[in-house]
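Residue numbering for the sequence shown follows the UniProt record's numbering, starting at 1 and increasing by one per position.
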Amino acid sequence: MTILSIIIPVYNSSSCLEDALKSVVIQNLDSYEIIVVDDGSTKEEHYACIDICKQYANTKLVTKENGGAASARNFGAKKARGILLAFLDSDDVWLKNKILSQIGYLKTQNADLVLGNIIVTDYFLNAKYKASKKISKNKYSLIKDLFYGKVIMNTPTILVTKDMFIRVGGFDESLKYREDHSFLIDVVGNGNGKIVLDPAYNTLRRERENSLSSVCDIYSELDKHMPFWLKFEKKYSFLITKKARKKLLSSLCLYYIRNERDADIKETLRCLKNDSYFLYLCYRLLTNSSSILSLLYTLRNKLRNAAF
């Protein structure tokens, strides 16, 4: 019987795939399979994936039309034979014993899903800083933390029982954003579904080259989050979209100020003025302090990097 199925979606990212596969091999697992899901890559990229996958035992490449990460992960899960599922992005890497450590937590804590912490790296996997999570043991507190974005989500840290994955229906493919948070809320909300944290930093998360430019204007960002907010506001009376909106406006306003995106600052302040005049005044004052804000963030990053 296969114990673990590792699902790796790829979309025109063959250049990093071998790093991901090597990081699976060093886990020294007895019973596993790797399912690489080509989510509609170009022909050249697809052939590159074929050549790479042929070099690794217990590895198969499956293909589908492009549908996004959630669709690719669900597709891979349907092909999986393991009783446990783990997800790894093609440009990320696991450190040795990541899986065995999480399996230990799954068993001793009688959990359905285990999360882990990450080390953010540059493209060449040079460590930049650690990013940690805190997981509340209280079901409703954890749902709130996930809804309001307090728990930073990294899908490659997930280890989940296939039984629970099937029970919640996998990742919600109707959501194009925050489908990972949605999945975790579905797990916690499924009867006595239990999520625990392995505090070790066993996943290297490449900082995407386009991660900064991918932050859109305020209205596009609000539109991205809204389907997720509405889904769970309808399901749980204690979750409030208006509160989540304020939190997002606040964090994005800081981001826009720090990066001197004047047009976005103006529109975000307009939204804040309608939602909370107090927050509007606070961030209006900060607009004149962008240099100080940038200095504080630089100092924070230096402190983060000091550990390395």
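Beta carbons are placed, not taken as given, at the ideal position from N, Cα and C, and that holds for glycine.
Per-residue burial, residue i [other beta carbons within 10 Å of its own, 16 or more giving buried]
{"i": "LEU197", "result": "buried"}
{"i": "PHE124", "result": "exposed"}
{"i": "residue 346", "result": "Outside the shown range of the chain (1 to 308) lies residue 346, about which nothing can therefore be said."}
{"i": "ASP30", "result": "exposed"}
{"i": "SER211", "result": "Any reading at SER211 is ruled out, since the residue's pLDDT is 47, under 50, leaving its predicted position unreliable."}
{"i": "ALA69", "result": "buried"}
{"i": "ARG178", "result": "buried"}
{"i": "ASN154", "result": "buried"}
{"i": "SER213", "result": "In this prediction, SER213 scores a pLDDT of 46, lower than 50, which makes its location untrustworthy; no coordinate-derived value is stated."}
{"i": "ASN66", "result": "exposed"}
{"i": "ASN74", "result": "buried"}
{"i": "PHE171", "result": "buried"}
{"i": "PHE183", "result": "buried"}
{"i": "LEU17", "result": "buried"}
{"i": "LEU239", "result": "buried"}
{"i": "ILE7", "result": "buried"}
{"i": "TYR283", "result": "buried"}
{"i": "GLN102", "result": "buried"}
{"i": "THR59", "result": "buried"}
{"i": "LEU281", "result": "exposed"}
{"i": "GLY191", "result": "exposed"}
Where the alpha helix (DSSP H) containing residue i begins and where it ends
{"i": "LYS79", "result": "69-79"}
{"i": "ASP112", "result": "First-last for ASP112: undefined, no H or E at that position."}
{"i": "SER220", "result": "218-235"}
{"i": "TYR283", "result": "277-286"}
{"i": "ASP92", "result": "Where ASP92 is concerned, there is no enclosing alpha helix (DSSP H), given that its DSSP letter is neither H nor E."}
{"i": "TYR47", "result": "43-53"}
CB contact flag (residue i, residue j, <7 angstroms)
{"i": "LEU85", "j": "LYS194", "result": "no"}
{"i": "ASN126", "j": "TYR201", "result": "no"}
{"i": "LEU113", "j": "VAL160", "result": "yes"}
{"i": "THR121", "j": "ARG208", "result": "no"}
{"i": "ASP39", "j": "ALA72", "result": "yes"}
{"i": "PRO156", "j": "ASP92", "result": "yes"}
{"i": "LEU272", "j": "LEU249", "result": "yes"}
{"i": "GLY104", "j": "ILE3", "result": "no"}
{"i": "ALA80", "j": "SER5", "result": "yes"}
{"i": "ALA48", "j": "SER14", "result": "yes"}
{"i": "ILE257", "j": "LEU286", "result": "yes"}
{"i": "ILE119", "j": "LEU204", "result": "yes"}
{"i": "residue 315", "j": "ASP275", "result": "Summary: the structure shown does not reach residue 315, with the chain confined to residues 1 through 308, and so no result is reported for it."}
{"i": "ILE152", "j": "ALA131", "result": "yes"}
Element boundaries [beta strand (DSSP E), containing residue i]
{"i": "LYS130", "result": "127-131"}
{"i": "ALA86", "result": "84-87"}
{"i": "ILE240", "result": "Element bounds for ILE240: n/a, residue is neither H nor E."}
{"i": "residue 354", "result": "Nothing can be reported for residue 354: it is not among the residues displayed for the chain, which extend from 1 to 308."}
Q.
Can you confirm whether the stretch 87-101 touches the stretch 127-140 when touching is taken to mean that 3 or more C-beta pairs between the two stretches lie within less than 8 angstroms?
A. no
Q: Could you tell me whether the stretch 30-37 touches the stretch 142-149, where touching means 3 or more Cβ pairs closer than 8 angstroms?
A: no
**Q.** Contact the stretch 100-109 vs the stretch 171-190: 3+ CB pairs below 8 angstroms
**A.** no
**Q.** Those runs of the alpha helix (DSSP H) which lie wholly inside the stretch 120-197 and span at least 4 residues
**A.** 139-147, 162-168, 179-188
Q. Is the stretch 151-165 close to the stretch 217-228, with three or more CB pairs under 8 angstroms?
A. no
Q: Evaluate contact between the stretch 227-241 and the stretch 251-267, counting only Cβ atoms and requiring at least three cross-stretch pairs below 8 angstroms.
A: no
Q: Pick out the complete alpha helix (DSSP H) segments inside the stretch 2-35, 4 residues or longer, and give them in chain order.
A: 14-25
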